[in-house]
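Using the numbering used here, read the sequence shown as starting at 12 and increasing by one per residue. By construction, the Cβ of each residue, glycine as well, lies at the ideal position given by its N, Cα and C atoms.
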Amino acid sequence: MESMKSKPREATGSDLSEQIKAATKDSHVRAENTQLMLNYQKGQITQTQYKLLLCSLYEIYRALEAELDRNADHPAVQPIYFPQELARLETLELDLEHFFGPHWRKRITVPAATHRYTQRLREIGKNSPDLLVAHAYTRYLGDLSGGQVLGKITQKSLGLSGNKGVFFFSFPGVTSANRFKQLYRSRMNSIELTEQQRREVLDEATRAFEFNIEVFDDLQKMLSITEEASSGKGNDVTSKTFSSSPALQFALGVGITLATVGMGVYAF
12 MESMKSKPRE
22 ATGSDLSEQI
32 KAATKDSHVR
42 AENTQLMLNY
52 QKGQITQTQY
62 KLLLCSLYEI
72 YRALEAELDR
82 NADHPAVQPI
92 YFPQELARLE
102 TLELDLEHFF
112 GPHWRKRITV
122 PAATHRYTQR
132 LREIGKNSPD
142 LLVAHAYTRY
152 LGDLSGGQVL
162 GKITQKSLGL
172 SGNKGVFFFS
182 FPGVTSANRF
192 KQLYRSRMNS
202 IELTEQQRRE
212 VLDEATRAFE
222 FNIEVFDDLQ
232 KMLSITEEAS
242 SGKGNDVTSK
252 TFSSSPALQF
262 ALGVGITLAT
272 VGMGVYAF
């Protein structure tokens with residue numbers, strides 16, 4: 012993909028990447044301090060939590076990457092379209108197969124909040140592709156930053172060897188995360204947007220963070236419910252109970268709006 016020259020701006024603060032960072036600062040801090048993320052950073056991640064995370068991540072990236080692929084030639088998407096370096100869908104499929112086996116697709120349950128997020132991605136992919144810039148930036152740069160730390164935490168906490176189960180955190184096409192993030196920001200800053208479009212992208216970036224804050228909180232509530240449901244039975248809530256328990260299926264589908272977006276610690 013050929014490099015695009017960035018349009019000169021009056022100050023660094025007028026760059027789109029800097030404006031997104033400023034606009035989402037408060038939401039950024041709130042996301043880092045949700046109970047789920049605080050527990051995760053302490054290494055208090057269970058296999059059940061991680062499997063739920065993978066299930067939702069798969070659906071979110073399936074929607075995001077389908078829309079990026081479909082709009083690859085759109086002038087707002089083309090500069091930040093890096094499928095070989097960034098695409099996460101195949102890595103998630105490997106991780107899901109590791110935990111759920113070859114028929115993992117039949118064992119995934121996607122809760123309401125995940126569905127709402129994917130609906131939003133498909134909606135803007137169809138009607139306002141320039142807004143995909145906000146979601147791609149939020150997801151991919153989070154994965155390349157704090158997500159790398161969470162990968163090591165997950166590996167240690169769950170006793171995983173090599174990349175098995177944690178392929179999601181691996182970016183073999185990126186030799187230097189810092190240099191790539193600089194390139195990504197430069198490409199994003201080169202995108203030609205009207206002032207109205209720019210405001211809409213900034214609003215969408217904040218909206219993306221808010222999606223994730225709700226997701227983290229809802230996941231924590233879901234885990235509390237499953238722990239209560241399993242207490243007294245002498246068994247941990249495992250992936251099997253997650254996929255086959257009618258009571259849990261009902262809670263996931265009706266009573267709880269769970270979604271998981273595991274966005275690292277947002278060290279953009």
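Step through the CB atoms of chain B and report whether any lies within less than 8 Å of the CB of Pro122.
-> Checking the listed chains, one finds no chain B in this structure; it contains a single protein chain.
Leu171 vs Gln60 beta-carbon contact at 8 Å = Taking 8 Å as the cut-off, the beta carbon of Leu171 is found no closer than this to the beta carbon of Gln60.
Where Val88 sits in the DSSP three-state scheme | In this structure, Val88 counts as coil in the three-state DSSP scheme.
Compute the Euclidean distance between the alpha carbons of Asp26 and Lys167, then round it to the nearest angstrom.
-> Going from the Cα of Asp26 to the Cα of Lys167 covers about 38 Å.
Decide if the segment 97-115 is in contact with the segment 203-216; the criterion is three or more beta carbon pairs, one per stretch, under 8 Å apart.
-> The segment 97-115 makes no contact with the segment 203-216; the number of CB pairs closer than 8 Å stays below 3.
Decide if the segment 148-165 is in contact with the segment 190-200; the criterion is three or more beta carbon pairs, one per stretch, under 8 Å apart.
-> Yes, the segment 148-165 touches the segment 190-200.
Please look up how many angstroms separate the CB atoms of Phe220 and Ser38, rounded, as I've assumed it's under 8 Å.
-> Between Ser38 and Phe220 the Cβ distance is about 4 Å, and since that is below 8 Å, they are a contact.
Would you call the segment 98-107 and the segment 208-216 in contact, with 3 or more CB pairs under 8 Å?
-> Too few Cβ pairs lie closer than 8 Å, so no.
Give the C-beta separation of Leu79 and Tyr92 to the nearest angstrom, bearing in mind that I take them to be a contact with Cβ-Cβ under 8 Å.
-> Yes, Leu79 and Tyr92 are in contact; Cβ-Cβ is about 6 Å, under 8 Å.
What are the boundary residues of the alpha helix (DSSP H) that Arg94 is part of?
-> According to the sequence provided, residue 94 is Pro. The question's Arg does not apply to it. From DSSP, the alpha helix (DSSP H) with Pro94 extends over Pro94 to Leu97.
Local Cβ density within 10 Å of Gly136, reported as buried at 16 or more and exposed below that = Gly136 is buried by the Cβ-count criterion.
Work out the CA separation of Gln46 and Gln231 for me, nearest whole Å.
-> The straight-line gap from Cα to Cα measures roughly 7 Å.
What do you get for Glu70, buried or exposed, if any count of 16 or more other CB atoms within 10 angstroms of its CB means buried?
-> Burial call: buried.
When the distance is taken between beta carbons, is Pro90 closer than 8 Å to Met199?
-> Going by C-beta atoms, Met199 is nearer than 8 Å to Pro90.
Spatial neighbours of Gln58 within its chain, please: CB distance less than 6 Å, with the 5 preceding and 5 following residues excluded, ordered by chain position.
-> Cβ neighbours of Gln58 within its own chain (closer than 6 Å, five residues either side excluded): Leu169.
Distance, Cα to Cα, His126 vs Arg73?
-> Cα to Cα, the separation comes out at about 11 Å.
Cβ neighbours of Gly176 in the same chain (closer than 6 Å, five flanking residues each side left out) = Exclusion of the five residues before and after Gly176 leaves Asp106 and His109 as the residues of its chain whose Cβ lies within less than 6 Å of its Cβ.
Who are the near neighbours of Leu143 in its chain, counting only those whose CB is closer than 7 Å to its CB and skipping five residues on each side?
-> So the qualifying residues of the chain are Glu78, Leu79, Asn82, Val88, Ile135 and Gly136.
With 16 other Cβ atoms within 10 Å as the buried cut-off, status of Asp141 | With 16 or more other Cβ atoms within 10 Å, it is buried.
What's the C-alpha gap between Asn189 and Thr165?
-> So the two alpha carbons sit approximately 22 Å from each other.
Taking only the alpha-carbon atoms, compute the straight-line gap between Ile31 and Arg210 and give it to the nearest angstrom.
-> Distance from the CA of Ile31 to the CA of Arg210, rounded to the nearest whole angstrom, comes to 10 Å.
Cβ neighbour criterion (16 or more within 10 Å) applied to Pro122 = Residue environment analysis places Pro122 among the buried positions, since at least 16 neighbouring C-beta atoms fall within 10 angstroms of its C-beta.
Residue range of the alpha helix (DSSP H) that Ala83 falls in?
-> Note, Ala83: premise wrong, no alpha helix (DSSP H); not H, not E.
Just curious, the alpha helix (DSSP H) that Arg10 is in, first and last residue?
-> No statement about residue 10 is possible, as the shown extent of the chain runs from 12 to 279 and does not include it.
Quick one: grab the DSSP three-state call for Gly162.
-> Per DSSP, reduced to three states, the secondary structure at Gly162 is helical.
Enumerate in chain order the residues of its own chain whose CB-to-CB distance from Arg133 is below 6 Å, with the five nearest sequence positions on each side excluded.
-> Excluding positions up to five away in sequence, the list reads Ala74.
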